[in-house]
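The sequence shown maps to residues -14 to 302 in my numbering.
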Amino acid sequence: MTDTHTTSSKRPATAADYVNLMKPRIMMLVVFTAVAGLAAASGMTGVTMHPAMAAIAVLAVALGSGAAGAINMWYDADIDAVMSRTATRPIPSGAVPKEEALAMGLIMSGVSVMLMWLASNWLAAGLLAFSIFYYGVIYTMWLKRATPQNIVIGGGAGAFPPVIGWAAVTGNTPLDAWILFAIIFFWTPPHFWALSLLAHKEYAKVSVPMLPVTHGAKATRLQILIYTLVLIPVSLSPLATGLGGWIYAVTAGVGGLVFLVCALAILSSKAGDDGAPGADMKLARNTFLFSILYLFALFGAVLVEHAAGLHFPVIGG
């Protein structure tokens, strides 16, 4: 795949182009889960960060996420130019040169890690550096174009923010931090595969081995259900450790039930098949959108419980 498409038409870059280069929607989720991890660490241990240092740590996470997004767009500029849903991104549209995007990503990476180290500790900074490397190199440059398990393995990159937030407060990463990691890790496959059912022809066009391309839509629909069945008990595990209270219990229980209903509906549909009914494709889209709301709700419950003093453990509470 060449990148000739990326320079076929030039247009002036705007501030919005540089913001889009950082994948702001992903950044919002990254920052939100990091803040939830930070709040949970304080709530569970009684250790607090100075508000200014906490704000700098959160800024570092945001910059790190933006850096990883810019590196991803730099490397994927060739396939982004071919896929219709990504052709208007800053690089393929000709607004931002590839070299500029790479420089931006590398500089932001360095700044974000340095800020995290200054605001908190070496562990949080190291985890942030590794998460940027994981997404920018391990996932983007290797897994994405090499294996249909790209999303499963690569999902680890997006699962680090709450662990980073926890480490920023306490300087360590106990079991509860890794439970938050596991929730995002097992959430990523059903979330992204619902989207890939919608975009499988685009991925096939650029030879990216997403699961619907390599194994078909039926196998993908089954995998969405399997990972949802794994995700639900993982999402309830904070109740066993005391990390999640009654607000979290209700949120995880209701949200998990709705997610399961969506996964079962997708399994019995023809979403992703050639000529699939519009209602089935709408189901895949709605499942993708609900999965985002579900994760925000889970981590929102964690944040509310621990930041607002509303944490009443289900076990031993």
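Backbone N, C-alpha and C define an ideal beta-carbon position, used for all residues, glycine too.
Where DSSP assigns a beta bridge to residue i, which residues make up the other side?
i	result
P(-3)	BP columns for P(-3) are empty, so no partner.
P147	DSSP, once it has assigned bridges, lists no residue as partnering P147.
What is the C-beta distance between residue i and residue j, in whole angstroms, given that I count them as a contact (C-beta under 8 Å)?
i	j	result
P146	V46	6 Å
P197	S181	5 Å
A286	A24	Their Cβ separation, rounded to whole angstroms, is 11 Å, which puts A286 and A24 out of contact at 8 Å.
V98	A110	5 Å
Y212	P174	4 Å
L6	M58	6 Å
R(-4)	S69	Not really, about 18 Å apart at Cβ, beyond 8 Å.
E11	S50	For the sequence presented, residue 11 should be read as Ile rather than Glu. Contact holds; Cβ gap of about 6 Å.
V15	G141	That pair is no contact at about 13 Å.
A202	S276	The pair is not a contact, with the Cβ atoms about 18 Å apart (cut-off 8 Å).
I209	I251	6 Å
S315	I164	Look at the range of the chain in this structure, -14 to 302, and you will see that residue 315 is not part of it.
Suppose you measure from the CA of residue i to the CA of residue j; what does that come to, to the nearest Å?
i	j	result
H296	T226	13 Å
H185	G257	7 Å
M(-14)	V191	In this prediction, M(-14) has a pLDDT of 44, which is less than 50 and means its spatial position is unreliable; nothing more can be read from the coordinates.
T71	V299	45 Å
D63	T125	13 Å
A153	D259	48 Å
L224	A21	16 Å
L91	I123	16 Å
I136	F118	16 Å
M101	L242	37 Å
W107	M38	14 Å
W231	A162	19 Å
K129	Y188	11 Å
W127	K267	31 Å
F166	L280	12 Å
A314	G31	With the chain covering only -14 through 302, there is no way to say anything about residue 314.
P194	P133	5 Å
Helix, strand or coil for residue i per DSSP?
i	result
D(-12)	With a pLDDT of 44 at D(-12), under the threshold of 50, the predicted position of this residue should be treated as unreliable, though the coordinate-derived value follows. It is coil, neither helix nor strand.
P262	coil
P298	strand
H35	coil
S304	Summary: the structure shown does not reach residue 304, with the chain confined to residues -14 through 302, and so no result is reported for it.
N106	coil
K303	Outside the shown range of the chain, which is -14 to 302, sits residue 303, and nothing can be said about it.
P307	For the chain, the structure presents residues -14 to 302; residue 307 sits outside this window and is missing.
T156	Note on residue identity: the sequence assigns Gly, not Thr, to residue 156. Here G156 sits in coil by DSSP.
K93	Note that residue 93 corresponds to Met in the displayed sequence, not to Lys. Reduced to three states, the DSSP call for M93 is helix.
R70	coil
G285	helix
D65	helix
A293	coil
K267	helix
M321	Not covered by the structure: residue 321. The range shown for the chain is -14 to 302.
Given the structure, does residue i come close to the ligand GDP, in the sense that its CB is under 7 Å from one of the ligand's heavy atoms?
i	result
D259	Annotation note on the ligand GDP: not contained in the displayed structure, which lists no ligands.
Jot down the residue ranges of each uninterrupted alpha helix (DSSP H) in the stretch 167 to 248, minimum 4 residues, whole runs only, in chain order.
The qualifying runs are 196 to 199, 201 to 221, 223 to 226.
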